[in-house]
Every structure is written in structure tokens, then in C-alpha cells.
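J.:
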Amino acid sequence: MGISATIYNTIFKRTSTMALAVIGSAFFFERTFDLGTDYFFDRHNEGKLWKHIKGRYQ
Amino acid sequence: MKPANVSSYLRSVSQVVSNQLNTGKQIAILPTKPTVHIPFTGTSPYVLSRALPNGNVSITSGPAVSCQVRWAHTDITVPDWSHYRKDSTKSPTSKAADSEDSRRNFAYLMVGGLSVGTAYGAKTLVTQFVSSMSASADVLAMAKIEIKLAEIPEGKSVTFKWRGKPLFIRHRTQSEIQAEQTVAVASLRDPQHDNERVQHPEWLVVLGVCTHLGCVPIANAGDFGGYYCPCHGSHYDASGRIRKGPAPLNLEVPQHSFVNEGLLVVG
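In order, the protein sequence lines correspond to chains E and Y. No gaps in the numbering here: position 20 of the first sequence is 20 in full-length UniProt numbering, and each next residue is one more. No gaps in the numbering here: position 196 of the second sequence is 196 in full-length UniProt numbering, and each next residue is one more.
See below:
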């Protein structure tokens, strides 16, 4: 029994475990996706956002 | 066979196929002599193959030369789909059971990944809409007031405007505190001990809205020395509790906190 068979039997075979895996990974996906897109936005708008130019006025 | 006859053959066959009754009466009439009667005894492929022209039929002359016979396009090759197929199942000798789990996992992983994305999107959408219903930052900023307690002398009740309503801050004297602490709770209409209504005994914070019909009571008036509503004569004591008159409930105590000794934040 290979690793793919183990994955299938433990996660994908039952709807309950599949749904649990989806919800669990959605939790981590949300974290990483939000952080990643925010990081990209900050990098893309480097020097334009208030938090970047705050030091000049305070 | 002459070309002019072909159409009549085809017609008779089409009648036989579409209307299987009276097959014996359908006769392909050839214009040439002698008249040929072809009795259709059945519709089996063999009988039809005998009746239909087969082989290399070609029409070379005659008024109806434009008609043509189209055969099945056996010259078109089936496309090669192997580029789209999984390597594990390409070979005819491979067993499906050998690669079953990995192929199945791939399909479920696709479904699961899409579900994760959908769940994230749905959660974000719901959060956006729900959070749009909550108060915005400027409203929240207006929802609190800070009160410097040093400006309120002992024995005075000061009125502030808070969320569009009057707010009474009362600096109670020791005698008032003593009086309110010793009131028998069971004798009250809306039984609440003084300690439930104040955080520091010297400071009473209540909304100046009569619980009867919403008038603004007058401070330091009435039979109990607290508040008196002039509209219908409700008497409140120095703890804002209803003691006499039509009002059913005590004056409402809003959420408040003493940030430090001299500062009260209401809201």
C-alpha cells in the first residue's frame, strides 16, 4: 500500500474527512493568501502608501 | 443499371423503411420493359443489400447527373488523444488497479482545491457584507465621550449629550451614598441594589431618559432627592431608581469605565 493509497483511504474516501480537510486547509490558505496578496500590494505600491511616507511628516 | 432507375429504387426502399406495412405491394417500377417486380419479403440487411445498388456506382450520363452517392467517410483517421491521456493508462497492458489511487487522488485533489478556494471566497464575501452592517469608525469615535470628573463638584448632577441623549453624571455626597446603600431592595419597583448600578459610590452615571415616556427628568428634585420627571411625575432617587410615579424601570445605566482617577469614559 503506497502513499497515495494511504492518502485516499484517510482523507478522500469519506465525505466527512474530505470536508474536514477542505475546511482545515481553507483556514491556512486564507492566512497565506491574505498575507501573500498584502505583501505583493505593499511591494507593488512601494513609496506610495501612508505607512511608507509616514516618517517624512512625523 | 441505368442512372434514371436509381432514384426509383431508392424511393421504394425509403418507403419500405419508413412504412413497413404493405411491403409486398411496394414495387419499384422500371421504365424499361419488361416491368420488374421486386417483392420485398423483409427488411433484413441482406434483403436491403440485394435491393440497393452496391459496389462502385457511378453515373456518367443522363439528365440527373448531378446526383451523387456518398459513402461513409472511412478515410478520416481518429485523432491521437495520447497527449491528453495519463501515462499510467496509455499502455494497453497496464492494469487500471495499479494506478487507481494516484489517479483518484489527483481528481479529488482538484475537487478539494477548488472547494478550498470556494470556501475562502464565500467566507470573505460573507465577512464583507456582515462587517458593512457594523458601525463605521467615525460613528464608533462619536459613540464615546470622555468626562473630566474634577469639573463636577460634589452634590451636583451635570448633563452631557451622548449618542443624541442626555447623560447625567452625578457626584454624590456621602449622605446620599449612605441613604441609597441602606434602601431595602425588596421594597423597590425595579429591585436593584445601589452597588449594581454604580462602579464608584461617588459617581452615578445614568441616561437622562425617563423610562415612562422618555421625557428628561430634572436633577435634584422630587420626593427622593434624585431626579423628577415633570411630564407625569416619576420620582427617582439619587441612584436613578424609580420610587414613585408611573415609570416602570430604573434609569438606564450605560456602559462606562473609569480610565484613571480623573477621567470617565462612557460608551
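Glycine included, every Cβ here is placed at the ideal spot set by N, Cα and C.
Under the three-state reduction of DSSP, which class applies to R56 (chain E): helix, strand or coil?
T.: helix
J.: Contact criterion: CB-CB distance below 8 angstroms. Does G36 (chain E) meet it with respect to chain Y?
T.: For G36 (chain E), no Cβ of chain Y is located within less than 8 angstroms of the residue's own Cβ.
J.: Taking DSSP as the reference, what is the three-state secondary structure of S102 (chain Y)?
T.: Three-state result, S102 (chain Y): helix.
J.: Closer than 7 angstroms by beta-carbon distance: list the chain Y residues that pair up with F40 (chain E), in chain order.
T.: Contacts between F40 (chain E) and chain Y, judged by CB atoms closer than 7 angstroms, are missing: the closest CB pair is about 17 angstroms apart.
J.: If I measure Cβ to Cβ from R163 (chain Y) and keep anything under 7 angstroms in the same chain, skipping five residues before and after, which residues do I get?
T.: A143
J.: Extract the residue ranges of the beta strand (DSSP E) inside the UniProt domain "Rieske" (189-251) of chain Y, only unbroken runs of 3 or more that lie entirely within it.
T.: Counting whole runs of 3 or more residues, the UniProt domain "Rieske" (189-251) of chain Y contains the beta strand (DSSP E) stretches 203-207, 225-229, 234-237 and 242-244.
J.: Please report whether the beta-carbon of R163 (chain Y) lies at a distance below 8 angstroms from any beta-carbon of chain E.
T.: no
J.: Please report the distance separating the alpha-carbon of G233 (chain Y) from that of A221 (chain Y).
T.: 11 angstroms
J.: Answer yes or no: does any C-beta atom of chain E fall closer than 8 angstroms to that of A247 (chain Y)?
T.: no
J.: Taking one C-beta from the region 124-144 of chain Y and one from the region 241-249 of chain Y each time, how about it: are there three or more such pairs within less than 8 angstroms?
T.: no
J.: For I218 (chain Y), count neighbouring C-beta atoms within 10 Å of its own C-beta (all shown protein chains included) and say buried if the count is 16 or more, exposed if not.
T.: Classification of I218 (chain Y): exposed, given that the 10 Å Cβ count is below 16.
J.: So R170 (chain Y) is in the beta strand (DSSP E); what residue range does that whole segment cover?
T.: K165 to H171
J.: Going by the C-beta, is D34 (chain E) closer than 7 angstroms to any heavy atom of the ligand COA?
T.: With respect to small molecules bound, the structure shown includes none, and the ligand COA cannot be examined in it.
J.: Can you tell me whether H52 (chain E) is buried or exposed? The criterion is at least 16 other CB atoms within 10 Å of its CB, across all chains shown.
T.: H52 (chain E) comes out exposed.
J.: Since G226 (chain Y) and G240 (chain Y) should fall inside the 8 angstroms C-beta cutoff, what is the C-beta to C-beta distance between them, to a whole number of angstroms?
T.: 7 angstroms
J.: At the level of alpha carbons, what is the spacing between D42 (chain E) and V130 (chain Y)?
T.: 26 angstroms
J.: Name, going along the chain, the residues of the region 93-104 of chain Y whose beta-carbon falls closer than 7 angstroms to a beta-carbon of chain E.
T.: D101, S102 and R104
J.: Alpha carbon to alpha carbon, how far is P53 (chain Y) from V47 (chain Y)? Give it in angstroms, no decimals.
T.: 12 angstroms
J.: Have a look at Q174 (chain Y) and L204 (chain Y) and give me their C-alpha separation to the nearest angstrom.
T.: 13 angstroms
J.: Compare the C-alpha of residue 66 (chain E) against each of Y:T93, Y:D101 and Y:T35 and name the closest.
T.: Given a span of 1 to 58 for chain E in the structure shown, any question on residue 66 (chain E) remains unanswerable.
J.: Taking C-beta pairs closer than 7 angstroms, name the residues in chain E that A119 (chain Y) reaches, listed in chain order.
T.: V22, I23 and A26
J.: Using the C-alpha atoms, what's the distance from E146 (chain Y) back to E261 (chain Y)?
T.: 13 angstroms
J.: So which of Y:Y236, Y:A119 and Y:S82 has the shortest CA-CA distance to A19 (chain E)?
T.: Y:A119
J.: Does the beta carbon of V116 (chain Y) come closer than 8 angstroms to any beta carbon on chain E?
T.: yes
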